[in-house]
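All letters in the sequence shown, in the order written, are residues 720 to 1110 by the working numbering. Let me begin by presenting the structure, written as C-alpha cells, before commenting on it.
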Amino acid sequence: MRMKYSLTFIIALIITIVGRAQRADVLIVSGELDFVTEGKRMLDITYRKIGGGFIFDSCIINNGHFKFQKEINEPIVVILSLKPLHRETSNQGKLDYVSLFLLPGEVHIKAPQNLSDCIVSGKGSIANNDYQAYSKDINLYIDTQNKALRILQNSNEDEKEKRITVITDSLNSIRDRVVYLKFITTKKQSPVAALALLQYGGEPVWTPRKKMVPDEIERLLIKLPKQYQLYPSIQNLKEELKVAKSTGVGKPIIDFALEDTAGKKVKLSDFKGQYVFLDFWASWCVPCRKENPNVKAVFEKYKDKNFIVVSVSLDKEDAKGAWRSAIQKDQIALWPHLVDFNGFGGAVAKSYYVKSIPTNFLIGPDGKFLGRNLYGEALNRAVDKIFNNSN
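This is the structure we're talking about:
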C-alpha cells in the first residue's frame, strides 16, 4: 500500500534530519561531593576551548550533588572550582579546583574530601588520564621557570631582563620538545594530541609557529587521526596555515585599498619600492598603544632610509573620533593611517588572518613579506639588520 505524506510532514522530517546532523554532541556531568554535607553551594564552571577562548558558567550543589550539561562539538577542558566557605581557615581562602579534559558523553565525579583529588569516570572522560599526565609535565616547567624567576629578582636590574629572557626561552624550548612534540608524535591516537598541537602551534605567543613556520605545523597536523582533523579548532588551524603560507617570507603581499584619515583611498601597493612595516591596531587596544612609542622610535630612526610605516586601524565607524584622537595623542601622525571599519570581520583582516592585535608584517621593496609579528627590540633588530646588510 502506498503511503501518502503531507507537505507539512515532509518539511518537518527534513528539518528534523538537518537539525540532528548539525546538532552538537552533549557532555553530561554529574557529581557527588561528600565534603559538601548539607545546604546549597555554587560550583563555578569554566569551559576552555582547545583552540582558545573561555566560557564561564555555574551550577548549584544541592546536599553534595550536582549535574550540568553542555553541547560540544569537540573535546573541551572543564575547570570546576569551589570558593572556600571560610577565609579564616588554614588554607587562607585557597580555591579548590580541578581541570578535566572531557569529550561528549556522561561523566561522573566523586570527591570524598576535595575537588582537586576527585575520581572521574564515564565515557566522556576516556582521555582525561592522558590530559592529567600532559598537564603535569607542563606544570613541571612552569614551576621550574617560576623558581628561576624568583631567584633572579635580586639580580642587577640591567642584567635581570636579559637573564630572564634567556632562562625563559631555554625552558620553553625544552618544554616544546619534550612535552608538546613528544605528545603529538607518541600519543597521536589520543584526543589530547590535538590540544598539544594547537598549543605548540600557538607558541611562542608573539611569533607563533602556526604563522611563522606553517609547513612544520601542517606536517604534524596531517599525522593526526582523521576524526581529530574534523574538530572545529583544527579546522580553524588549517585556515590559519593557509593564510600563514600565503603571508610567509618571500610571498607577495595581498593588496588592498582603504581610506586614510582624510577619506582618500590608499593601496598597500602604492608603497612598493619601500620597506613597509604594516601594523594592525586599534585605539581601544592597550598593547597596541603601548607598542606605538616603539614603532615611532623605529620610524624616526629609519625614515630617511626608504622605510615607512602603514597603520591599519580596526576601529569601528562609531569610534572614528577615538581613532583620530589616539593618533594625535600617541604622536604617530607621521605616516599613513588607514582604517577598516569592519574590524576583524573586514576583508583586509580576514585576508591577513588578523585574529588579535597588535599584528604586523615587514615587507620588502619588491612587495614580498620579510617577517611578521615583530615587537619591541625584535622590530628594531630586524630593521637594523636590513639596513646594516644593505650598506
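Ideal Cβ positions, reconstructed from N, Cα and C, are used throughout, including at glycine.
Please look up how many angstroms separate the CB atoms of residue i and residue j, rounded, as I've assumed it's under 8 angstroms.
| i | j | result |
| --- | --- | --- |
| Ser1152 | Val796 | The structure shown does not extend to residue 1152, since the chain is modelled only from 720 through 1110, so no value can be given for it. |
| Tyr899 | Gln918 | 6 angstroms |
| Lys907 | Lys942 | 6 angstroms |
| Phe1060 | Lys1035 | 6 angstroms |
| Ser952 | Glu825 | Not quite, the Cβ-Cβ distance comes to about 23 angstroms (not below 8 angstroms), so this is no contact. |
| Leu746 | Lys789 | 5 angstroms |
| Trp1054 | Val1028 | 4 angstroms |
| Pro933 | Leu960 | 4 angstroms |
| Tyr1071 | Val962 | 7 angstroms |
Tell me whether residue i is buried or exposed, calling it buried when 16 or more other Cβ atoms sit within 10 Å of its Cβ.
| i | result |
| --- | --- |
| Ile698 | Nothing about residue 698 can be read from this structure; the chain reaches only from 720 to 1110. |
| His1056 | buried |
| Gly969 | exposed |
| Asn1079 | buried |
| Ala976 | exposed |
| Gly1090 | buried |
| Pro910 | buried |
| Arg869 | exposed |
| Asp815 | buried |
| Gly1064 | exposed |
| Ile893 | exposed |
| Lys930 | buried |
| Leu1081 | buried |
| Ala1001 | buried |
| Thr884 | exposed |
| Phe773 | exposed |
| Ala1066 | exposed |
| Asn782 | exposed |
Going by the DSSP bridge assignment, what does residue i pair with across the sheet?
| i | result |
| --- | --- |
| Asn781 | Lys759, His784 |
| Pro803 | According to DSSP, Pro803 bridges with nothing at all. |
| Arg767 | Phe773, Val796 |
| Pro1077 | DSSP, once it has assigned bridges, lists no residue as partnering Pro1077. |
| Ser1112 | Here the chain has residues from 720 to 1110 only, and residue 1112 is not among them. |
| Glu751 | His784, Lys829 |
| Leu824 | Note that residue 824 is Gly in the sequence shown, not Leu. Gly824 pairs with Leu746. |
| Asp815 | Leu801 |
| Gly969 | Gly969 is not bridged to any residue. |
| Phe990 | Note: Phe990 sits in no beta bridge, so no partner. |
Quick check on residue i: does DSSP put it in helix, strand or coil?
| i | result |
| --- | --- |
| Leu940 | helix |
| Val962 | helix |
| Ser874 | coil |
| Leu916 | helix |
| Ala1038 | helix |
| Ser892 | helix |
| Gly982 | coil |
| Asp1023 | coil |
| Ala867 | helix |
| Ser840 | strand |
| Ala846 | coil |
| Val924 | coil |
| Ile1051 | coil |
| Val932 | coil |
| Leu977 | strand |
| Lys789 | strand |
| Leu834 | helix |
In angstroms, rounded to a whole number, what distance separates the CA positions of residue i and residue j?
| i | j | result |
| --- | --- | --- |
| Thr926 | Leu997 | 16 angstroms |
| Val1058 | Ser988 | 16 angstroms |
| Gly1086 | Ala1068 | 18 angstroms |
| Val839 | Val897 | 27 angstroms |
| Val1119 | Pro831 | With the chain running from 720 to 1110 in the structure shown, residue 1119 is simply not present. |
| Pro803 | Thr765 | 17 angstroms |
| Gly1095 | Glu1010 | 7 angstroms |
| Glu922 | Ile1105 | 26 angstroms |
| Thr980 | Tyr994 | 22 angstroms |
| Tyr853 | Ser889 | 20 angstroms |
| Thr905 | Met761 | 39 angstroms |
| Phe1026 | Glu1019 | 9 angstroms |
| Asp856 | Ser1075 | 29 angstroms |
| Val748 | Gly841 | 9 angstroms |
| Ala1101 | Phe775 | 41 angstroms |
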